[in-house]
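Take a look at the structure set out below.
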Amino acid sequence: MKPTVSDTSHGPHEPEFDVELYQPLFGRHDQPVALRHTEDRADLIRTKLGSGLSDQHVVDLGCNLGYITLHLAQFARSAIGIDRDARNIRACRQIASEAGLKATFASEQVTPGIVGKLNKMNTGPKVFLMLNIVHHLVVAESLAFAQDTIREALQDNSLLILELARREEVVPQSWGWDRLPQHELQVLPPDILDCARIRILGWTSTHIPPYTRPMYMVQLSAPPLD
Ligand SMILES: C[S@@+](CC[C@H](N)C(=O)[O-])C[C@H]1O[C@@H](n2cnc3c(N)ncnc32)[C@H](O)[C@@H]1O
């Protein structure tokens, strides 16, 4: 059974989260084990972005419970998390407030239009995170929809960090992963795949053993940060 938190263990004054624990709750240590190790992923991203992170606006698309958004919010110029699940967003806001961290969370569908708006919202360099969400876009919408979304995230020289599920992972047929491209990087629009700077940041463990997933950094022009 997937771990959830329907919280009575934190006492009468604590909020009740009815969410799937894909990620751990940031700053909470008294909780069931989450589906994904996330501390290591958050730290990998922070390390790879290096000191440049202090100048960057972080936009976490499909932020789930905000663990990575909040981890990066400690170091970034600003941090925004978007998720379609309003229960996740309620939990994110509560956890941010408990942790005393400044981050904005919104319950929205990730679409090319929303991502385009987010990319124009703040002046200054941006880093978009699309971690384990692109396959949702492909299956629920289409490959073209996911590619349009990625194209919007890469406008204005923004950095994009992708963590990608792979078609070769053996999952129930009902998940629709036969709609994923043969190679995970083919979720990038073909013209971008040809010319973008793409660097692999590492491989992460998943909730679907024995599979690991690649994390990539993509940018259209200037070299990715060290
Ligand atoms: C597999 S989880 C990945 C969470 C997080 N990015 C991570 O890697 O830990 C996918 C998340 O994306 C959200 N999601 C899926 N499709 C979405 C969409 N079209 N718009 C917004 N959020 C979406 C889900 O609610 C879920 O929280």
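If you want the working numbering, it's the position in the sequence shown, counting the first as 1, plus 1223. Note that beta-carbon positions come from the ideal geometry of N, C-alpha and C, so glycine has one too.
Item, Value
"Starting from Glu1375 and walking both ways along the alpha helix (DSSP H), at which residues does that stretch end?", "1366-1377"
"How would you label Asp1278, buried or exposed, when you count the other beta carbons within 10 angstroms and need 16 or more for buried?", "exposed"
"Taking buried to mean at least 16 other C-beta atoms within 10 Å of its own C-beta, is His1430 buried or exposed?", "exposed"
"Helix, strand or coil, according to DSSP, for Thr1270 in the structure here?", "helix"
"Report the residue from Ile1318, Gly1273, Met1353 whose alpha carbon sits nearest the alpha carbon of Ala1299.", "Gly1273"
"Under the rule that 16 or more other beta-carbon atoms within 10 Å means buried, what is Val1350, buried or exposed?", "buried"
"How far does the alpha helix (DSSP H) with Pro1437 in it extend, from its first residue to its last?", "Where Pro1437 is concerned, there is no enclosing alpha helix (DSSP H), although the beta strand (DSSP E) it sits in stretches over 1435-1442."
"According to DSSP, is Leu1288 helix, strand or coil?", "coil"
"Going by the beta-carbon positions, is the gap between Leu1411 and Met1353 smaller than 8 Å?", "no"
"Just checking my contact of Gly1289 with Phe1249 at CB under 8 Å: how many whole Å lie between their CB atoms?", "6 Å"
"Rounded to the nearest angstrom, what separates Ala1265 and Gln1370 at their Cα positions?", "24 Å"
"Taking Ser1320 as part of the alpha helix (DSSP H), name the residues at either end of that continuous run.", "1309-1322"
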